[in-house]
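Below: one structure, written as structure tokens.
There are 4 protein chains.
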Amino acid sequence: MNTGRLETFADGVFAIAATLLILTVDGHFGSCAPAGATLAHQLVCSWPSYVAYVVSFLTIGIIWVNHHTVMNQIDHADRTFLMITVGFLMIVAFIPFPTRLVAENIKGDGARAATVAYGVTLTLTAALFNAVWFYAARGGRLLRPDADPKIVRGISKTFVFGPWIYVALTLIAAVEPVLGAIGFGLFALFWVIESSVFGRDRSHRSSPR
Amino acid sequence: MNTGRLETFADGVFAIAATLLILTVDGHFGSCAPAGATLAHQLVCSWPSYVAYVVSFLTIGIIWVNHHTVMNQIDHADRTFLMITVGFLMIVAFIPFPTRLVAENIKGDGARAATVAYGVTLTLTAALFNAVWFYAARGGRLLRPDADPKIVRGISKTFVFGPWIYVALTLIAAVEPVLGAIGFGLFALFWVIESSVFGRDRSHRSSPR
Amino acid sequence: MNTGRLETFADGVFAIAATLLILTVDGHFGSCAPAGATLAHQLVCSWPSYVAYVVSFLTIGIIWVNHHTVMNQIDHADRTFLMITVGFLMIVAFIPFPTRLVAENIKGDGARAATVAYGVTLTLTAALFNAVWFYAARGGRLLRPDADPKIVRGISKTFVFGPWIYVALTLIAAVEPVLGAIGFGLFALFWVIESSVFGRDRSHRSSPR
Amino acid sequence: MNTGRLETFADGVFAIAATLLILTVDGHFGSCAPAGATLAHQLVCSWPSYVAYVVSFLTIGIIWVNHHTVMNQIDHADRTFLMITVGFLMIVAFIPFPTRLVAENIKGDGARAATVAYGVTLTLTAALFNAVWFYAARGGRLLRPDADPKIVRGISKTFVFGPWIYVALTLIAAVEPVLGAIGFGLFALFWVIESSVFGRDRSHRSSPR
Numbered sequence: 013m014n015t016g017r018l019e020t021f022a023d024g025v026f027a028i029a030a031t032l033l034i035l036t037v038d039g040h041f042g043s044c045a046p047a048g049a050t051l052a053h054q055l056v057c058s059w060p061s062y063v064a065y066v067v068s069f070l071t072i073g074i075i076w077v078n079h080h081t082v083m084n085q086i087d088h089a090d091r092t093f094l095m096i097t098v099g100f101l102m103i104v105a106f107i108p109f110p111t112r113l114v115a116e117n118i119k120g121d122g123a124r125a126a127t128v129a130y131g132v133t134l135t136l137t138a139a140l141f142n143a144v145w146f147y148a149a150r151g152g153r154l155l156r157p158d159a160d161p162k163i164v165r166g167i168s169k170t171f172v173f174g175p176w177i178y179v180a181l182t183l184i185a186a187v188e189p190v191l192g193a194i195g196f197g198l199f200a201l202f203w204v205i206e207s208s209v210f211g212r213d214r215s216h217r218s219s220p221r
Numbered sequence: 013m014n015t016g017r018l019e020t021f022a023d024g025v026f027a028i029a030a031t032l033l034i035l036t037v038d039g040h041f042g043s044c045a046p047a048g049a050t051l052a053h054q055l056v057c058s059w060p061s062y063v064a065y066v067v068s069f070l071t072i073g074i075i076w077v078n079h080h081t082v083m084n085q086i087d088h089a090d091r092t093f094l095m096i097t098v099g100f101l102m103i104v105a106f107i108p109f110p111t112r113l114v115a116e117n118i119k120g121d122g123a124r125a126a127t128v129a130y131g132v133t134l135t136l137t138a139a140l141f142n143a144v145w146f147y148a149a150r151g152g153r154l155l156r157p158d159a160d161p162k163i164v165r166g167i168s169k170t171f172v173f174g175p176w177i178y179v180a181l182t183l184i185a186a187v188e189p190v191l192g193a194i195g196f197g198l199f200a201l202f203w204v205i206e207s208s209v210f211g212r213d214r215s216h217r218s219s220p221r
Numbered sequence: 013m014n015t016g017r018l019e020t021f022a023d024g025v026f027a028i029a030a031t032l033l034i035l036t037v038d039g040h041f042g043s044c045a046p047a048g049a050t051l052a053h054q055l056v057c058s059w060p061s062y063v064a065y066v067v068s069f070l071t072i073g074i075i076w077v078n079h080h081t082v083m084n085q086i087d088h089a090d091r092t093f094l095m096i097t098v099g100f101l102m103i104v105a106f107i108p109f110p111t112r113l114v115a116e117n118i119k120g121d122g123a124r125a126a127t128v129a130y131g132v133t134l135t136l137t138a139a140l141f142n143a144v145w146f147y148a149a150r151g152g153r154l155l156r157p158d159a160d161p162k163i164v165r166g167i168s169k170t171f172v173f174g175p176w177i178y179v180a181l182t183l184i185a186a187v188e189p190v191l192g193a194i195g196f197g198l199f200a201l202f203w204v205i206e207s208s209v210f211g212r213d214r215s216h217r218s219s220p221r
Numbered sequence: 013m014n015t016g017r018l019e020t021f022a023d024g025v026f027a028i029a030a031t032l033l034i035l036t037v038d039g040h041f042g043s044c045a046p047a048g049a050t051l052a053h054q055l056v057c058s059w060p061s062y063v064a065y066v067v068s069f070l071t072i073g074i075i076w077v078n079h080h081t082v083m084n085q086i087d088h089a090d091r092t093f094l095m096i097t098v099g100f101l102m103i104v105a106f107i108p109f110p111t112r113l114v115a116e117n118i119k120g121d122g123a124r125a126a127t128v129a130y131g132v133t134l135t136l137t138a139a140l141f142n143a144v145w146f147y148a149a150r151g152g153r154l155l156r157p158d159a160d161p162k163i164v165r166g167i168s169k170t171f172v173f174g175p176w177i178y179v180a181l182t183l184i185a186a187v188e189p190v191l192g193a194i195g196f197g198l199f200a201l202f203w204v205i206e207s208s209v210f211g212r213d214r215s216h217r218s219s220p221r
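Here it is, written out as structure tokens:
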């Protein structure tokens, strides 16, 4: 079983989940302003929606980039791998929901519940992404015969930390919701920069292949 | 006519239908709680939405995995096959609607109508998936010249039961809605496990080709 | 410029427009029943939504199948062709909106306006599909060197009627909305059958290529 | 890293963002008419929604056509390029939101805020599209070895103006909202014509390659 259709399906889910995030911004636009407020006022007070949109879009974008990297090392798929991937995509497609919760509640009473829900979702995402990778990589089960061991080890080392960092951020959110939310944003930003700056180096080093 | 664009279109519908399920969770979130309830309370009482999301996402995921398996045996498409596939996808894209009905009504008066509507939709899905397969497989009409007869027979034997099991679960739902709903969930879970554990074996046995 | 990405984009729009039709069913579900009606009652009185869903899904499905047939004859794309295709897809993506209008208003005062809006949309769809085809086919501009002249002539002959039939159905809808709606349904059904039965013949005859 | 999956993901986001625009038309349909107005009346007074739909769909369509042109010159991607593309797609996927704001407010008090929000979004879109292109083109970093220098220079020359024109139109919108909105429409129309008429010439001239 080659991986072409798996990538089409996964890219479809990534693209749709990311694009549906705009409904997060759109859905309850204006509810932050008192009745009769000007549109300009509503646009300004909705800033948490924009931030939540950016953080979740970047998070899904990073997941997509990393999935790209992972699939480059994979030669073929079996049905177990497909089902684990379906579970993983199920959690990715769930991200727009807690994103909206955070956007709407970060300034109010529900901030704790919203950021914890967000953190639990991202923890599960990271855990299932680990399951996808380690199922494929264990004993080289689904890897390309010519997979670069250095890249394989690099992915394994990076991935294994993900869920624990999200667990830590979720615990922080349970105590200080706003701090947790900032943490989620900074962690996404870290990945963007890591991917761009260090990733450039890394792909440079591996350019001979 | 090769099957490339058919798979792109089908994967698109599968991915979108699955991802739109999140609107099931999002759409009426909070309606389970009394006015003024905390967000944490709303998150807890919405559990049927999450279960419905998981069951329907896994169901669409299994359909996608099986469509993958089916298309691997198919060499080319004719226009009749494309139209049958359109009908099949039409029912798959319908799944988010009864999913929402079940999520919202399973604890109330509408449980029977909602679970029966869900069951009818899945019965039709299974029936049309059979039509897709048997139209292609009858007399080897659209199969690859080198399609493995054992796999072809295996698909035919597995598929033929699907609609009847959904008919049975729908009848159970008509009598005991909650029992029917549990049945839909268990059947999805059975397929996930069957695909993963037995499927692994099966792809193992057929790995030489 | 090859046509691969064009087909991916078009298939994406077809798949999303078709799948979004479910929001037609979902959006105003229950508004047909008096307050306090049972879910079963709401499910029954919503039948126009299901019919509208089926007719529009099949219509988009047929457009997809025909686009498939058209693109099989096309070798490459230029920028004008891409822009005409964008215009064509713009109208296809519009179809869910008049579909909802018909579903909600066919039993009430707005039946005439709704069915006329539906007819105008489908007339424009057919007209722009003609523009896509004839731009590519005129003088063989974008056709494959080995395009079958019989198939090319066949497409041209079939396409040229489409807009006029939709104009006629729209005029009927302006006088007798329900009759017009039935006409849209029958015309979709005619295409499904024509595609399946005659299409099978046709692809049979052309199988040597 | 080849560019296949990048294009699938980008085409997915373009297709979904464009298709979601229909929710712009659908979402608040009828709110322009007084209570009890006929459907025909509502259809007529909603004209700004249709115009906004057309302008934004064409804008996304042009971006897609241009992305097509750009990617034709690009040989491979690195992780920085993927992340810049994710940022670019994030803004494209945002377009449906200010589109709805313009459609709903162009006739009222919020016209200024809505058209400025629209202009800022399109300015950012153009700026990030520039970032995508110049990151790839600088020193030929990601270009195909056989990229046509004339086409590369042509893209660079055309792209560099985009953000400034959107800045200018946004400033106009801040003073005269309706004039700004007309400007956005005319600019989209200009691109459609430029792409179609001049583009035809250009692809003609470059047909030998």
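Chain order of the listed sequences is A, B, C and D. Going by the working numbering, the residue at position 81 of the first sequence is 93; the numbering climbs one at a time, nothing skipped. Going by the working numbering, the residue at position 63 of the second sequence is 75; the numbering climbs one at a time, nothing skipped. Going by the working numbering, the residue at position 56 of the third sequence is 68; the numbering climbs one at a time, nothing skipped. Going by the working numbering, the residue at position 23 of the fourth sequence is 35; the numbering climbs one at a time, nothing skipped. Ideal Cβ placement from N, Cα and C applies to all residues, glycine included.
- For A:N117, the chain B residues whose C-beta falls within less than 9 angstroms of its own C-beta are L51, listed in chain order.
- Along the region 56–80 of chain C, the positions whose C-beta sits under 8 angstroms from a C-beta of chain B are Y65, V66, F69, L70, G73, I74, W76, V77, H80, read in chain order.
- For B:C57, the uninterrupted alpha helix (DSSP H) segment begins and ends at 51–57.
- Checking the DSSP bridge columns, you'll see C:L155 partnered with C:I86.
- Only those residues of the region 174–207 of chain B whose C-beta falls short of 8 angstroms from the nearest C-beta of chain A are listed: V204, S207.
- Sequence-ordered contacts of the region 97–127 of chain A with chain D are nonexistent [C-beta pairs closer than 7 angstroms].
- Contact annotation: in the region 15–48 of chain A, residues whose CB is within less than 7 angstroms of a CB in chain B are R17, T20, F21, G24, V25, I28, A29, L32.
- If you check the CB distance, B:I167 and B:T81 come in under 8 angstroms.
- Neighbours of B:A129 in chain C, taken as residues at a C-beta separation under 8 angstroms, are given in chain order as L55.
- Along the region 75–139 of chain D, the beta strand (DSSP E) does not occur as any fully enclosed run of 3 or more residues.
- Setting aside the 5 residues that flank it on each side, C:L18 is surrounded in the same chain by A89, L94, T97, each with a C-beta closer than 7 angstroms to its C-beta; the list follows chain order.
- A direct Cα-to-Cα measurement between D:V187 and C:V104 gives close to 36 angstroms.
- Cβ-Cβ distances below 7 angstroms link C:V77 to S207 in the same chain, with the five nearest sequence neighbours on each side left out; the list follows chain order.
- Comparing alpha-carbon positions, the option among D:G152, D:I75, D:A129, D:Y62 lying closest to D:I184 turns out to be D:A129.
- Looking at the backbone, the Cα of D:N84 and that of D:I75 are separated by about 14 angstroms.
- The beta carbon of D:M95 falls within 8 angstroms of a beta carbon belonging to chain A, placing the residue at that interface.
- Taking 8 angstroms as the Cβ-Cβ cut-off, the region 142–154 of chain A has no residue approaching chain B.
- By the beta-carbon neighbour count (other beta carbons within 10 angstroms, threshold 16), C:V37 is buried.
- If you look at C:A186, you'll find it in the alpha helix (DSSP H) that goes 161–187.
- Here C:A22 is buried, its C-beta having at least 16 other C-beta atoms within 10 Å.
- One alpha carbon belongs to C:A27, the other to B:F26, and they sit about 9 angstroms apart.
- In the three-state reduction of the DSSP assignment, D:P46 falls in the coil class, being assigned neither a helical nor a strand state.
- For C:F21, the enclosing alpha helix (DSSP H) begins and ends at 16–39.
- Pairing D:P175 with D:A138 gives a Cβ-Cβ distance under 8 angstroms.
- Taking C-alpha positions only, A:C44 is separated from A:E116 by approximately 8 angstroms.
- Put simply, of C:G24, C:F106, C:F146, C:G16 the residue whose alpha carbon is nearest the alpha carbon of C:T133 is C:F106.
- Around the beta carbon of C:A193, a 10 Å sphere encloses 16 or more other beta carbons of the protein chains shown; the residue is thus reported as buried.
- Around the beta carbon of D:F199, a 10 Å sphere encloses 16 or more other beta carbons of the protein chains shown; the residue is thus reported as buried.
- Looking at the backbone, the Cα of A:V114 and that of A:I34 are separated by about 14 angstroms.
- Between C:T135 and D:T20, the beta carbon gap of about 33 angstroms keeps them out of contact (Cβ cut-off 8 angstroms).
- Here the alpha carbons of D:V67 and D:F196 stand approximately 8 angstroms from one another.
- Less than 8 angstroms separates the beta-carbon of B:L181 from that of B:G131.
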